[in-house]
Amino acid sequence: MSISPRSTPVKTQKPTAKRAPPKVAAAKMAANLAAQPPQSAEAKIAMGWLHTAKFLTTAPELKHLPMLDFPEIAFVGRSNAGKSTCINTLTQINRLAFASKTPGRTQSINLFSLGKQGVTDAVLADLPGYGYAAVPKAAKYRWQQVMGNYLQTRDNLKGVVLLCDPRLGLTELDEILLDVIRPRVEEGLKFLVLLTKSDKLNKTEAAKALSIVRLQAGGGDVKLFSALKRQGVEEVAQHLWQWAHPPVKPEKADKEAKPKPEEDSGES
Ligand code: GDP
Numbered sequence: 001m002s003i004s005p006r007s008t009p010v011k012t013q014k015p016t017a018k019r020a021p022p023k024v025a026a027a028k029m030a031a032n033l034a035a036q037p038p039q040s041a042e043a044k045i046a047m048g049w050l051h052t053a054k055f056l057t058t059a060p061e062l063k064h065l066p067m068l069d070f071p072e073i074a075f076v077g078r079s080n081a082g083k084s085t086c087i088n089t090l091t092q093i094n095r096l097a098f099a100s101k102t103p104g105r106t107q108s109i110n111l112f113s114l115g116k117q118g119v120t121d122a123v124l125a126d127l128p129g130y131g132y133a134a135v136p137k138a139a140k141y142r143w144q145q146v147m148g149n150y151l152q153t154r155d156n157l158k159g160v161v162l163l164c165d166p167r168l169g170l171t172e173l174d175e176i177l178l179d180v181i182r183p184r185v186e187e188g189l190k191f192l193v194l195l196t197k198s199d200k201l202n203k204t205e206a207a208k209a210l211s212i213v214r215l216q217a218g219g220g221d222v223k224l225f226s227a228l229k230r231q232g233v234e235e236v237a238q239h240l241w242q243w244a245h246p247p248v249k250p251e252k253a254d255k256e257a258k259p260k261p262e263e264d265s266g267e268s
């Protein structure tokens, strides 16, 4: 994986180190959820599907992951970008994804299975967060190896969701990641950038962050996302559902729908 210095990060306002106490944040999120308008049928299906998420396995690197045939959707992003919160919000399961805040601690790829009635039809992959200044060089190098390996060679990888704090914009490590997946995106890998914690931006800042990151992402799909305000939650859920359940190609559908000639004969 090559490192190429890139443009300066987008800075709309200084990130704050302060956090809402977990109980207050959870209560706010629950209140916001209750205030939501009714879901569309498609959103209900997608949210119900994501709610079936179950921890499948964890592995320190690609070679320890099971080979799977199901479409896999990877969540990647800098530490503190809001990745765990996003996964927990989409699946509506508190603490499904748990972020270790210990710099330098060995981080793993965590897989979660998805599927109604216990029948797995897709997998979510939570990849190690990156970008801790305090992480030793060796650990950074290891991260690059694990991520690069996974993103370049995981056969069943169907989509990548890149989480980005819009107050920091896409940083150099995010851009390295974009470079790594670009060839696969050109071959059909789905890709979405989520600008997290969008509740912290006013309208002007949000519009500015969207347009800058859209440029940086080379025209890729970029959306605002807030777990707190539930902005973009259902839309993203539907995206993931569609990635994992692509429409059947018309020719194939036709073949499946048309009765075979011998089935017609003898019936009348
Ligand atoms: P991770 O390291 O990428 O997994 O990030 P976390 O999910 O642990 O989130 C990092 C911090 O951002 C935590 O303090 C979260 O409470 C906060 N956070 C995550 N999502 C949101 C959001 O939508 N709005 C706000 N205001 N804070 C958020």
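Residues in the sequence shown are numbered consecutively from 1, following the working numbering.
Built from N, CA and C at the ideal position, the CB exists for glycine as well.
Proximity of Lys158 and Leu194 at Cβ, strictly below 7 Å: no
Beta-bridge partners of Asn156, as assigned by DSSP: Paired residues: none, contrary to the question.
As assigned by DSSP and simplified to three states, the class of Thr85: helix
Delimiting residues of the alpha helix (DSSP H) encompassing Val233: 233–244
Residue ranges of each beta strand (DSSP E) within the stretch 49–81, 3 or longer: 54–59, 72–77
Under 7 Å between C-beta atoms of Gln231 and Leu170: no
Exposed unless 16 or more other CB atoms sit within 10 angstroms - verdict on Pro21: Confidence in Pro21 is poor, its pLDDT being 46 and thus under 50, which makes the residue's placement unreliable; the coordinate value appears in the next sentence. By the 10 Å Cβ count, Pro21 comes out exposed.
Alpha-carbon spacing of Gly118 relative to Thr204, whole angstroms: 44 Å
Anticipated Cβ contact below 8 Å, Ile73 with Ala244, distance rounded: 7 Å
Pairwise C-alpha distance: Asp221 and Lys44: 22 Å
C-alpha gap between Tyr130 and Asp165, whole angstroms: 13 Å
DSSP beta-bridge partners of Tyr132: BP columns for Tyr132 are empty, so no partner.
Ile109, buried or exposed, once every other Cβ within 10 Å from all chains shown has been counted against 16: buried
Spatial distance of Asp155 from Arg184 (CA atoms): 11 Å
Own chain residues within Cβ distance below 7 Å of Thr52, not counting five before or after: Leu114, Gly115, Lys116
Whole-angstrom distance between Phe112 and Thr196, CA atom to CA atom: 21 Å
Cα-Cα separation, Arg167 to Ala209: 8 Å
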